[in-house]
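Trainee:
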Ligand code: SIN
């Protein structure tokens, strides 16, 4: 089944109109959505306005709905996280406000997420994604040699500790610390093969990756700094300006994302679900 996809950039992102995810999805359509996601890595569906039950049902088209460590879910539904920053929370860090792939420190990091805009600032609060298939393909040869076949160490220990100057994380996201499974170090291939498309993608990120396996943090730092600078080059990115009811669906295996924190004085609320992934396979 062919979907009418409007590309956002040459290789990343697609807008998809004419679909109503408040209705159960036929398997053929769910398969077409998975194929579109594997190809475009992030899909944008305007005007969905799903309730939490429908958001979860749509999530199931991509994989089993899964819960995530550290973050307290919405009181309305334990499978939904309310990504919220209140209008009076000025001058603080925000949830997801640096380049990352979600929960990369888990043994089986999520396959992806769905995020629906509920309440938005008049301007600002955009989200960026960066395509890690293209980033890998275009990585300078010396870095390719360094990373191919290597593993990188990830840890969830910095979760919720805002690393950027300016301090604490929004109080509207409640973080519960001390999950030993998530806080431990975990090695994953630095370049992973996508199970749906077979494509190779870089799989390190500046929040949770601490070093390359076999190297110290000091030895890894200059290598990783070059890799991060490359991974987030503007030509690998797309930026979404949200409208209420917009639904974004992203692939967490082969993208990084970044929530732009430029809307102090305004409330921003989105609902987020997550679908399960697998232990990353080396490319
Ligand atoms: C996230 O990292 O999941 C949050 C994205 C956003 O708020 O735009």
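Numbering (this note's numbering), first residue to last: 358 to 640.
The C-beta atom is built at its ideal place from N, Cα and C for all residues, glycine as well.
Considering only DSSP beta bridges, list what residue 489 is partnered with.
Mentor: Against the chain shown, residue 489 aligns to sequence position 132. According to DSSP, residue 489 bridges with nothing at all.
Trainee: Under three-state DSSP, which class holds residue 388?
Mentor: By 1-based counting over the chain shown, the position of residue 388 is 31. Three-state DSSP puts residue 388 in a helix.
Trainee: With distance defined between alpha-carbon atoms, name the residue in 431, 360, 399, 608 nearest to residue 531.
Mentor: For the purposes of this step, residue 531 is taken as residue 174 along the chain shown, with counting starting at 1. Closest option to residue 531, Cα to Cα, is 431.
Trainee: In angstroms, rounded to a whole number, what distance separates the CA positions of residue 567 and residue 557?
Mentor: Residue 567 sits at position 210 when you count from the first residue of the chain shown. Residue 557 sits at position 200 when you count from the first residue of the chain shown. Between the C-alpha atoms of residue 567 and residue 557 there is a straight-line separation of about 21 angstroms.
Trainee: Put residue 593 into one of helix, strand or coil per three-state DSSP.
Mentor: Along the chain shown, one-based indexing puts residue 593 at 236. Reduced to three states, the DSSP call for residue 593 is helix.
Trainee: Mind the definition here: the stretch 359-372 touches the stretch 592-600 only if three or more C-beta pairs lie below 8 angstroms; say whether that holds.
Mentor: yes
Trainee: Any heavy atom of the ligand SIN closer than 6 angstroms to the Cβ of residue 616?
Mentor: Position 259 of the chain shown holds residue 616. Answer for residue 616: yes, Cβ within range of the ligand SIN.
Trainee: CB of residue 589 to nearest heavy atom of the ligand SIN: below 6 angstroms?
Mentor: Locating residue 589 in the chain shown gives position 232, where the first residue counts as 1. The answer is no for residue 589.
Trainee: Using 6 angstroms as the cut-off, classify the Cβ of residue 425 as near or not near the heavy atoms of the ligand SIN, replying yes or no.
Mentor: Position 68 of the chain shown, counted from the first residue, corresponds to residue 425. No, since every heavy atom of the ligand SIN falls outside the 6 angstroms radius drawn around the Cβ of residue 425.
Trainee: Can you say whether residue 405 is buried or exposed, counting buried as having 16 or more other CB atoms within 10 angstroms of its CB?
Mentor: Taking the first residue of the chain shown as 1, we reach residue 405 at position 48. By the 10 Å Cβ count, residue 405 comes out buried.
Trainee: Less than 6 angstroms between the CB of residue 548 and some heavy atom of the ligand SIN, yes or no?
Mentor: In the chain shown, counting from the first residue as 1, residue 548 sits at position 191. No, the beta carbon of residue 548 sits no closer than 6 angstroms to any heavy atom of the ligand SIN.
Trainee: Less than 7 angstroms separating the beta-carbons of residue 629 and residue 490?
Mentor: Taking the chain shown and counting its residues from 1, the one referred to as residue 629 is at position 272. Taking the chain shown and counting its residues from 1, the one referred to as residue 490 is at position 133. Note that the C-beta distance between residue 629 and residue 490 is not below 7 angstroms.
Trainee: Would you say residue 428 touches the ligand SIN, meaning its beta carbon is less than 6 angstroms from a heavy atom?
Mentor: Translated into the one-based positions of the chain shown, residue 428 becomes position 71. False, no ligand heavy atom lies under 6 angstroms from that Cβ.
Trainee: Would you say the beta carbon of residue 484 is closer than 6 angstroms to some non-hydrogen atom of the ligand SIN?
Mentor: In the chain shown, residue 484 corresponds to position 127, counting from 1. Yes; taking the cut-off as 6 angstroms, the Cβ of residue 484 has a heavy atom of the ligand SIN nearer than that.
Trainee: Please go through the same chain and pick out, in chain order, the residues whose beta-carbon is closer than 6 angstroms to the beta-carbon of residue 497, but skip the five residues on each side of it.
Mentor: Counted from its first residue, the chain shown places residue 497 at position 140. Within the same chain, residue 497 has no close Cβ partners at all.
Trainee: When you compare only the Cα positions, how much space is there between residue 527 and residue 450?
Mentor: Translated into the one-based positions of the chain shown, residue 527 becomes position 170. Translated into the one-based positions of the chain shown, residue 450 becomes position 93. Each residue's alpha carbon lies about 6 angstroms from the other.
Trainee: Does the distance from the C-beta atom of residue 631 to that of residue 425 stay below 7 angstroms?
Mentor: Position 274 of the chain shown, counted from the start, is the residue given in the question as residue 631. Position 68 of the chain shown, counted from the start, is the residue given in the question as residue 425. Yes.
Trainee: May I have the straight-line CA-CA distance separating residue 372 from residue 361, to the nearest angstrom?
Mentor: By 1-based counting over the chain shown, the position of residue 372 is 15. By 1-based counting over the chain shown, the position of residue 361 is 4. Taking the straight line from one Cα to the other gives about 8 angstroms.
Trainee: Measuring CA to CA, which of 392, 380, 589, 414 is closest to residue 555?
Mentor: Position 198 of the chain shown, counting from 1, holds the residue named residue 555. Taking only the C-alpha atoms, the option nearest residue 555 is 392.
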